[in-house]
Amino acid sequence: MHISIDEEALSTIQISAKNSFPNECCGFLFGNESNIAFATEVINTSEKRKTVSFQISATDYIAAEQLALEKDAKLLGVYHSHPNEPAMPSVEDHEAAFPNFLYLILSLSKTKINELKGWKLNHENAFEEQLIKTIN
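Heads up: the sequence shown at position 105 corresponds to 105 in full-length UniProt numbering, and the numbers run straight through without jumps.
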């Protein structure tokens, strides 16, 4: 599947990742099935090492659902960063994944953003890469 992302949403994700480095950042993705219109950052509430894990609170999920209703948008999924790691889902990412949710993973190092990849669980409960295209 091909999904577009607005430049402003991409910028939100990149700034979130850079500001959180070396920890993982996280947030929500909103729009429609084929377009990520905007993203919002939330606090990584992981009690593990935040350099290799993230967690989003139930309160933040509820607030995201409310925001989607207010903006007449759909809550598409979540984004998070992988500092100094590839933009591939980890075992922990897979264990926490919801069906039909989009997962954007941004790989970055201290000095640059390396790549952004999108993932969704398929019918066999395996992650399948989604093509992401930036739009102006």
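Yeah, the Cβ is synthetic: ideal placement off N, Cα and C, and Gly gets one too.
Measure from the alpha carbon of residue 7 to the alpha carbon of each residue in 20, 37 and 33, then state which is nearest.
37
Any idea which residues DSSP pairs residue 30 with across the strands?
38 and 75
Exposed or buried, residue 15, counting other C-beta atoms within 10 Å across all chains shown (16 or more means buried)?
Classification for residue 15: exposed.
From residue 141 to residue 116, what does the alpha carbon distance come to, in whole angstroms?
Here the chain covers residues 1 to 136 and nothing more, so residue 141 does not appear.
Helix, strand or coil: which one does DSSP assign to residue 134?
Here residue 134 sits in strand by DSSP.
Quick check on residue 24: buried or exposed, where buried means 16 or more other Cβ atoms within 10 Å of its Cβ?
buried
Is the beta carbon of residue 119 closer than 9 Å to that of residue 104?
yes
So, with DSSP's three-state summary, where would you put residue 13?
helix
What residue does the alpha helix (DSSP H) around residue 43 start on, and which one ends it?
No residue range can be given for residue 43, since it is assigned to no alpha helix (DSSP H) and is classified by DSSP as neither H nor E.
Kindly indicate which three-state DSSP category residue 107 falls into: helix, strand or coil?
strand
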